[in-house]
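Chains X and F, in that order, give the protein sequences.
Heads up, the final residue of the first sequence is numbered 346 in our numbering, and it's a clean run with no missing numbers.
Heads up, the final residue of the second sequence is numbered 346 in our numbering, and it's a clean run with no missing numbers.
Taking it in order: structure first as structure tokens, then the write-up.
There are 2 protein chains.
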Amino acid sequence: MEIPESDEMTPRCQTILRLVISEYIRTATPVGSKAIRELYHLDISPATIRNEMAWLEERGYLTHPHTSAGRVPTEKGYRYFVEKLMGENDLPTAERRTISHQFHQAQLDMEQWMRLAAAVLAHRARGAALVTSPKSAPSCLKHVELISIRDTLALLILVLYAGVVKQQVLALSTPMTQEELSRIAAMLNHRWEGLNEAAIAATLPGLSEFEHRVGDAVCDMMRRLDARNATEIYRDGLLNLLSQPEFVHSTSAQQIVRLLEERQIIDALVSEVLQRGGLQIIIGGEGRWQDLAEVSFVLARYGVEDQVAGALGVLGPLRMRYDRAVSVVRFVAQLMSDLMSNLYGR
Amino acid sequence: MEIPESDEMTPRCQTILRLVISEYIRTATPVGSKAIRELYHLDISPATIRNEMAWLEERGYLTHPHTSAGRVPTEKGYRYFVEKLMGENDLPTAERRTISHQFHQAQLDMEQWMRLAAAVLAHRARGAALVTSPKSAPSCLKHVELISIRDTLALLILVLYAGVVKQQVLALSTPMTQEELSRIAAMLNHRWEGLNEAAIAATLPGLSEFEHRVGDAVCDMMRRLDARNATEIYRDGLLNLLSQPEFVHSTSAQQIVRLLEERQIIDALVSEVLQRGGLQIIIGGEGRWQDLAEVSFVLARYGVEDQVAGALGVLGPLRMRYDRAVSVVRFVAQLMSDLMSNLYGR
DNA sequence: GTTTAGCACTCTCGATGTGAGAGTGCTAGC
DNA sequence: GCTAGCACTCTCACATCGAGAGTGCTAAAC
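Okay, structure coming up:
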């Protein structure tokens, strides 16, 4: 085991690494020395390229499926590529405008935005997309409403700050008219406005039996909403992923589906993205996530600073088009954040 | 081409067909004459069984992958099986109770019910589950509410008969207080209660500018809700399906994913189920659906008679456990219908 | 010192061949 | 009408083999 003399990569060496990776991303087959010379009209001989490749392999940027195949990038190679070689290209203006337009048509509805974001990401980045519902600080009550459905059944509607609305049916022990319900709702609003779940629970002793029941239901719904925060996941474009050549073997395909159906891994990943913020590129699980060994994630946080945050991103094979994914994810995250800041601004 | 003399199936012949199908469902490999004799301790010889099998094959109930493999059921064979041979077994009481309990815990929320239904179906029938949101007759307005978010932003909440709630943010051209908004909402409620979208649209001329805007938004939301009716699909358990041996080849797996991601085929299927009602078993596309050639559906309508209806069911390989699927689908459909009749009863 | 030409070497991949095994259809006898 | 026996067919797993691709190494050229 000999230690390489220098880890400085020459420009030519970088070029070769870049070309190998680009070519491998394009074709999904190992790249030989002759191939990249011809494809990119380099005026150095295959032998030289081979030397450089051997150098890159010694340092772990490339690898060899077997003696006489071309080179394939390693995770380290991809990482170097996305960090140093890829360059930043923004989404073309036309594309930005189209996407922006789609979102503005979607009528200020968080749920629709998330669905749309998943669809846009999947389509533009040609991968599987993933959008989590945003998590906010413990919610405070804005308004409750009681609406009679029929004599012994009422609808309880909860409005939280940040425009979240949730409803639930409430069975009444004795029939009540809409007028009675409205009167009670008005009273409760007066008492509860601006309080969080714990504070509302504290007011319960001393209320009438029916008000107490409403209060219980409200607390319960708020607790659920806070717990369910950030747990909803919107997906799209699974097919894009499964039709990639690396997933022709059913076992890999199944792993992907399992990854997306089971929540644990995604949850762990998302919570990390939420913590660290910015745009994260996770390549092949980075040694820490066994189940992500064959895929890469491009994930970003979106939301409003200090108030609410979710994660969105794209899942692709290791040889995904990182440049495209990064630009789309960044743009959509920014767009969603802008849209939401309207709802959350005080 | 000789015409078979009699199409009456003898009891013994039925037994053999039943055993072949059961065995094939269990093992996913062609079933030989010797195998079923030994497995089920029949005291007839393999040769006799072969004769019966040949008879069944002549009439299209069984087929042959190649000369020296065992028999495999055809679509016609499966159909005969589910109609005549399978028998009706209800879900065990314990299982019914567990499922019922899960649903009653889910707090009277349609969305949660659908999600839960998908999870239960997928898990109990070991297949991919599919639940569409119910479609109801054109909706009538029950109540509107306007809630101030901040000076120039309000939340418009719509309650329809049947307990559907939908909200949207409304940007105000001039700042308004909660009192003003409440006053306007009360007036609009008085005017619009019980009307459908067209009727509300008719009242718009003559309203103030702001009321007009609210009316536009309400109509728009109602139109969207009616259009989006029955278009939401909840899925679960895709992995159950993809791990079946018939889907080891990536192309079949991809077809399944495409089937579930693209909407057209499912939509067509669902609308047929909604029309015909009851419980439908679609085996291998029945010649009409090319894309369903390799799968079977067990689907049922759920909802409240004449008021609201959706479809739910299970997707499995041709050799799915039809008995189990049928009993689970029937039970869950009934349960959902019962739960909903509470919401929709007048 | 760096680059290049030449060449032997290695490994995959597809085509071809082979034998065991499974299951059948057919025929003749019970 | 049922069954035993048998020849037949086809798949599947395994081994063999040659073509092709791409490498690493060495020695010569720049």
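Glycine included, each C-beta is placed from N, C-alpha and C at the ideal position.
Outcome for residue i when other beta-carbon atoms lying within 10 angstroms are tallied against a minimum of 16
i: Asn-89/F; result: exposed
i: Pro-4/X; result: Any reading at Pro-4/X must be qualified, since the residue scores a pLDDT of 43, below 50, and its modelled position is unreliable; the value itself is stated next. With fewer than 16 Cβ atoms within 10 Å of its Cβ, Pro-4/X is classed as exposed.
i: Ser-68/F; result: exposed
i: Met-320/F; result: buried
i: Pro-73/X; result: buried
i: Ala-227/X; result: exposed
i: Met-340/X; result: buried
i: Gln-275/F; result: exposed
i: Lys-34/F; result: exposed
i: Arg-71/X; result: buried
i: Pro-78/X; result: For the sequence presented, residue 78/X should be read as Tyr rather than Pro. Label assigned to Tyr-78/X: buried.
i: His-104/X; result: exposed
i: Met-336/X; result: buried
i: His-143/X; result: buried
i: Lys-166/X; result: buried
i: Gln-334/F; result: exposed
i: Thr-132/F; result: buried
i: Met-187/X; result: exposed
i: Leu-17/X; result: buried
i: Ser-139/F; result: buried
i: Glu-52/X; result: buried
Residues that residue i contacts on chain F, provided the C-beta gap is smaller than 7 Å
i: Arg-258/X; result: Leu-239
i: Ala-253/X; result: Leu-242, Ser-250 and Ala-253
Residue-chain proximity (residue i, chain F), Cβ-Cβ < 8 Å
i: Leu-343/X; result: yes
i: Ile-3/X; result: Residue placement at Ile-3/X is flagged as unreliable, the pLDDT there being 42, under the threshold of 50; a coordinate-derived value is accordingly withheld.
i: Leu-339/X; result: no
Start and end residues, beta strand (DSSP E) containing residue i
i: Val-165/F; result: 165 to 171
i: Ala-154/X; result: 153 to 160
i: Asp-236/X; result: 233 to 236
i: Thr-132/X; result: 128 to 132
i: His-143/X; result: 141 to 150
i: Ile-283/F; result: 279 to 283
Closer than 8 Å at the beta carbon, the chain F residues around residue i
i: Phe-247/X; result: Ser-250
Boundaries (first-last residue) of the alpha helix (DSSP H) holding residue i
i: Lys-76/F; result: 75 to 80
i: Lys-34/F; result: 33 to 40
i: Glu-179/X; result: 178 to 192
i: Glu-305/F; result: Element bounds for Glu-305/F: n/a, residue is neither H nor E.
i: Arg-115/X; result: 110 to 125
i: Thr-27/F; result: 11 to 27
i: Asn-51/X; result: 46 to 58
i: Thr-67/F; result: Counting along the chain, Thr-67/F falls outside any alpha helix (DSSP H), and DSSP gives it neither H nor E.
i: Tyr-61/X; result: Taken as a continuous stretch (DSSP letters only), Tyr-61/X belongs to no alpha helix (DSSP H), as it is neither H nor E.
i: Phe-247/X; result: Careful: Phe-247/X lies outside any alpha helix (DSSP H) and carries neither H nor E.
i: Ser-271/F; result: 264 to 276
Proximal residues of chain X, C-beta to C-beta of residue i below 8 Å
i: Ile-147/F; result: Lys-142, His-143 and Val-159
Euclidean distance between Cα positions of residue i and residue j
i: Leu-116/X; j: Tyr-344/F; result: 31 Å
i: Thr-152/F; j: Val-308/X; result: 21 Å
i: Leu-260/F; j: Glu-8/X; result: 50 Å
i: Asp-236/F; j: Gly-237/X; result: 16 Å
i: Leu-91/F; j: Met-222/X; result: 36 Å
i: Gly-287/F; j: Thr-27/X; result: 38 Å
i: Gln-290/X; j: Ile-283/X; result: 12 Å
i: His-41/F; j: Val-328/F; result: 31 Å
i: Glu-272/F; j: Ser-296/F; result: 15 Å
i: Thr-203/F; j: Ser-182/F; result: 20 Å
i: Pro-175/X; j: Ile-149/X; result: 11 Å
i: Leu-207/F; j: Val-332/F; result: 47 Å
i: Asn-240/X; j: Ala-311/X; result: 20 Å
i: Gly-303/X; j: Ile-281/X; result: 19 Å
i: Gln-102/F; j: Glu-193/X; result: 33 Å
Within chain X, partners of residue i - CB distance below 9 Å
i: Leu-155/F; result: Lys-142, His-143, Val-159, Gly-163 and Val-165
i: Glu-261/F; result: Asp-236, Gly-237, Leu-238 and Leu-239
Any non-hydrogen atom of the ligand PLP within 7 Å of residue i CB
i: Thr-15/X; result: For the ligand PLP, the structure offers nothing, since it holds no ligand at all.
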